[in-house]
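Going by the working numbering, the first residue of the sequence shown is number 42, and it counts up by one from there.
Down below is the structure, laid out as structure tokens.
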Amino acid sequence: MKAHWGGLKMARMLPRTVGQCDTLTRLMMLVVVMGLWAGCASSVSPDALLADAEGRAGEGKGAMHPSAEPKEIIEAGDGLEVLIQRGAGEEKYTVPVRANGIISVAFVDIEVKGLTEDEAEARITEELNDVIRNPRVMVRITQKGPTRARNFYILGEVRNAGKFPMSRRMTLLQAIGQGGGQTEMGDLEKVIVISRQGETPQIRLANLRSVLVNGEMTADLLIADEDVIFVPRSG
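Right, here's the structure in full:
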């Protein structure tokens, strides 16, 4: 697959060291998966990505409240409580998420790995419709599996682009600080955060200048595991 960057100066997007090329490739792949590229022959640029993010933010697509904790994702090794109501009765299951991401509920195997609780409820309801009439399902993560490394990726106009470890609770400004801060050309008014919350990708646009100048802390978004952050160039 070839991306045609037109007359765009590659220095606007390319990492500063060869070792950071994998990170750039990762962002490109995420953009493709999230449907931001119309196809292999599309002309793609950071400006187009920014315009898309602004459009989605304006339409309310994939919006997340700035101060809200990112939704927890179900992973292998987690423990779930699944409550199924049918008629006047109900059944409660306490089930582990197996290594392949599948749980067994009412003798039905259902894959829930990578979903939020709400998405898992919808999928389990759909799968059980064949065996239970009008099931009403509630899912709750009761136990998280073994802790694994959590990371985020930062690209664009930062001093050190790449992959970084993240703490349990980290804000966007803290993440950019780990990348050495923005360059002189970095535009903190239009920072893009690409997240994957369950099956639905989210694109958020953050004005971090308002945090630094006006103290509007709600603009300092919380980031989630595997988020990709892009600081565009001013102008």
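All C-beta atoms, glycine included, are put in the ideal place defined by N, C-alpha and C.
Only a predicted model underlies this, so the values are computations on that prediction, with no experimental measurement involved.
Residue i versus residue j: straight-line alpha-carbon distance, rounded
i: Gln223; j: Leu229; result: 8 Å
i: Glu113; j: Gln126; result: 24 Å
i: Ile195; j: Phe271; result: 6 Å
i: Thr183; j: Glu257; result: 34 Å
i: Gly118; j: Glu132; result: 22 Å
i: Gln243; j: Ile233; result: 10 Å
i: Arg189; j: Val252; result: 31 Å
i: Ile217; j: Lys185; result: 28 Å
i: Gln219; j: Pro176; result: 47 Å
i: Val254; j: Ser275; result: 17 Å
i: Glu160; j: Gly221; result: 36 Å
i: Pro273; j: Asn248; result: 12 Å
Outcome for residue i when other beta-carbon atoms lying within 10 angstroms are tallied against a minimum of 16
i: Glu129; result: The residue asked about is misnamed: residue 129 is Ala in this sequence, not Glu. Result: exposed.
i: Ser208; result: exposed
i: Val180; result: buried
i: Pro187; result: exposed
C-beta contact flag for residue i and residue j at 8 Å
i: Lys154; j: Glu122; result: no
i: Glu168; j: Ile151; result: yes
i: Val178; j: Thr166; result: yes
i: Glu267; j: Arg245; result: no
i: Ile173; j: Ala202; result: no
**Request:** Only counting runs of 4 or more residues, tell me where the alpha helix (DSSP H) segments fall wholly within the region 169-242, in order along the chain.
**Result:** Runs found: 213-219.
**Prompt:** Is the region 200-216 in contact with the region 254-263, if contact means three or more CB pairs nearer than 8 Å?
**Reply:** With a cut-off of 8 Å, the region 254-263 and the region 200-216 count as touching, because enough Cβ pairs lie within range.
**Prompt:** At a cut of 8 Å, does the region 191-205 reach the region 132-147 through at least three beta carbon pairs?
**Reply:** At 8 Å Cβ cutoff, the stretches do not touch.
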